[in-house]
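Protein sequence lines correspond, in order, to chains V and W.
Using the numbering used here, the letters of the first sequence map in sequence onto residues 444 to 665.
Using the numbering used here, the letters of the second sequence map in sequence onto residues 444 to 665.
C-beta: ideal position from N, C-alpha, C; glycine also.
Fair warning: this is a prediction, and the values are worked out from it, not measured in the lab.
Protein chains: 2
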Amino acid sequence: MNANIIRPTPEPTLRRLPAYHRVLQRLLDRGRTVVSCTHIAEDLGLDSTQVRKDLAATGIIGKPKVGYAVPALIDSIETYLGWKNVTDAFVIGAGHLGGALLGYDGFKAYGLNILSAFDNDPAKIGTTIYGKDVLPMDKLPDLVERMHVGIGILTVRAASAHEVADIMVMAGIKAIWNFTQVKLQVAPSIIVENMDLSASLAVLSRKLAERNEVSVSPVIPL
Amino acid sequence: MNANIIRPTPEPTLRRLPAYHRVLQRLLDRGRTVVSCTHIAEDLGLDSTQVRKDLAATGIIGKPKVGYAVPALIDSIETYLGWKNVTDAFVIGAGHLGGALLGYDGFKAYGLNILSAFDNDPAKIGTTIYGKDVLPMDKLPDLVERMHVGIGILTVRAASAHEVADIMVMAGIKAIWNFTQVKLQVAPSIIVENMDLSASLAVLSRKLAERNEVSVSPVIPL
């Protein structure tokens with residue numbers, strides 16, 4: 444085994460790990476110190492083989508017929524997902540959504556610390572949102588470098604998403620959490636994770652419409 | 444063809460339609476009245492056959508070698524996704540995230556109108572957030588019925604997500620937009636669309652960590 448060879452973890456595994464962490468934390472709160480894959484799998488409606496495989500990605504192997512030590516497993520997931528080394532981030536775009544994210548305290552549990560926001564709007568620059576400064580965009584390159592910030596949370600309007608993403612990349616941002624509906628075209632070395640509210644809402648609205656159409660349609664004779 | 448037979452649209456198609464709409468709207472703003480699948484596909488980095496198939500789901504067929512009339516295509520997508528019939532929704536959980544969504548003006552373009560929020564916290568009940576009332580949870584069933592609200596946006600903490608989701612379903616909510624990290628177990632007739640920030644963030648953080656690990660690892664001799 445060579446520690447320098449990094450095998451990327453499959454995305455579905457990464458997406459499930461926070462849910463395992465939540466189940467484990469709840470068990471620990473209730474005084475449980477040992478848990479099996481089967482238990483976690485049942486709690487989340489997953490397959491236990493899948494759970495075992497996902498947990499193995501964090502580098503922890505359970506004991507056959509015993510299971511996992513709950514605190515060790517929590518620790519393993521937190522280390523693996525980087526929740527222990529808090530990662531600093533900037534929000535780019537201090538509109539409603541950007542402002543909301545500045546005030547959302549739930550990110551800290553996942554190791555994300557939003558330092559401040561950047562915007563081009565003179566009416567916003569110099570204000571604070573939930574105690575965090577809104578700074579002018581032209582300060583971004585300097586602050587990314589000085590504060591070693593790797594993550595930029597993109598919350599501008601779709602029309603300026605591409606232009607702003609380019610500015611972020613030039614400023615030295617390595618990973619973009621993209622809350623716009625724009626599919627960004629950036630260099631392959633830049634990590635982009637999409638969080639598209641409009642796409643999610645489209646699924647919800649249409650399914651609801653289809654459900655309502657079905658329920659009012661007359662019975663079709665056999 | 445029988446209009447009463449509803450074939451559910453594949454989710455990936457639904458997720459792409461808002462992006463097509465954005466491209467089309469931009470073309471229309473520039474005075475373009477006709478567009479081809481190829482043009483849309485290139486703009487979004489997709490396959491043109493895929494685009495044609497997705498657009499056909501909304502009930503519109505382009506003319507060979509001519510393409511689509513841009514205004515008709517915009518209209519078709521908007522009608523299909525229900526953006527023209529504004530859908531009312533309640534936010535359940537008036538914390539930071541719930542409050543943020545109450546203030547986010549971007550939903551209106553997608554036909555979602557958030558009427559008010561519900562919470563159990565006496566300190567929040569009776570206040571307004573961005574001009575919208577925070578109401579007590581026990582008023583939910585009555586208001587869902589009287590105002591015919593189908594969508595509930597769940598933004599409570601993970602620990603109470605299941606309990607609150609059950610209350611929403613009993614109150615008559617048909618579709619839950621789930622912003623918690625909890626995989627909800629509800630009746631199959633209830634539509635659940637997950638918007639899990641922690642899962643998305645897990646992917647982003649880990650990829651960034653893997654990227655940094657790779658970049659600092661020594662060159663392995665051949």
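Item	Value
Could you compute how far the alpha carbon of tyrosine 463 (chain W) sits from the alpha carbon of glutamate 521 (chain W)?	11 Å
Check whether the stretch 640-654 of chain W touches the stretch 520-536 of chain V, counting contact only when three or more Cβ pairs, one atom from each stretch, lie closer than 8 Å.	yes
For the stretch 614-642 of chain W, which residues have a beta carbon sitting closer than 9 Å to at least one beta carbon of chain V?	Lys617, Ala618, Ile619, Trp620, Gln624, Val625, Lys626, Gln628, Ser632, Ile634, Val635, Glu636, Asn637, Met638, Asp639, Leu640, Ser641, Ala642
Could you pull out every residue in the same chain whose Cβ sits closer than 6 Å to the Cβ of aspartate 576 (chain W), ignoring the five residues on either side in sequence?	Ser559
What three-state label does DSSP hand phenylalanine 622 (chain V) in the structure shown?	coil
Are the CB atoms of leucine 583 (chain W) and alanine 614 (chain W) within a distance shorter than 8 Å?	yes
Under 7 Å Cβ-Cβ, which residues of chain V neighbour arginine 654 (chain W)?	Lys617, Ile634
What do you get for proline 453 (chain V), buried or exposed, if any count of 16 or more other CB atoms within 10 angstroms of its CB means buried?	exposed
Could you name the residues of chain V that aspartate 548 (chain W) contacts, counting a contact when the two beta carbons are closer than 8 Å?	His539
Measure the alpha-carbon distance for valine 626 (chain W) versus arginine 589 (chain W) and round it to whole angstroms.	Note on identity: in this sequence residue 626 (chain W) is lysine, with valine being the wrong assignment. Whole-angstrom Cα-Cα distance: 29 Å.
At a CB-CB cut-off below 8 Å, which residues of chain V make contact with proline 451 (chain W)?	Lys650, Glu653
Could one say the Cβ of alanine 645 (chain W) lies closer than 8 Å to chain V's Cβ atoms, at least one of them?	yes
Starting from proline 461 (chain W), find everything on chain V with Cβ-Cβ shorter than 7 Å and list it in chain order.	Gln624, Ser641, Ala642, Ala645
Taking any Cβ of chain V, which residues in the stretch 586-610 of chain W have a Cβ under 9 Å from it, in chain order?	Gly593, Ile594, Arg600, Ala601, Ala602
Let me know if leucine 665 (chain W) comes out buried or exposed under the rule of 16 or more other beta-carbons within 10 Å of its beta-carbon.	Because leucine 665 (chain W) sits at a pLDDT of 41, beneath the cut-off of 50, its placement in the model cannot be relied upon, and the following sentence gives the value as read from the coordinates. Leucine 665 (chain W) should be labelled exposed.
Contact defined as beta carbons within less than 8 Å: I believe valine 509 (chain V) pairs with valine 529 (chain V). What is the distance between those atoms, to the nearest angstrom?	Their Cβ separation, rounded to whole angstroms, is 33 Å, which puts valine 509 (chain V) and valine 529 (chain V) out of contact at 8 Å.
Hey, does alanine 484 (chain W) have any beta-carbon neighbour from chain V nearer than 8 Å?	no
Tell me which residue opens and which closes the alpha helix (DSSP H) that lysine 496 (chain W) is part of.	491-500
With H, G and I counted as helix, E and B as strand and the rest as coil, what does DSSP make of threonine 530 (chain V)?	strand
Since glycine 505 (chain V) contacts serine 519 (chain V) with CB under 8 Å, what's their CB separation in whole angstroms?	Rounded, the Cβ-Cβ distance is 11 Å, inconsistent with contact.
Along the chain, where does the alpha helix (DSSP H) that runs through isoleucine 596 (chain W) open and close?	Isoleucine 596 (chain W) -> not in any alpha helix (DSSP H); beta strand (DSSP E) instead, spanning 594-597.
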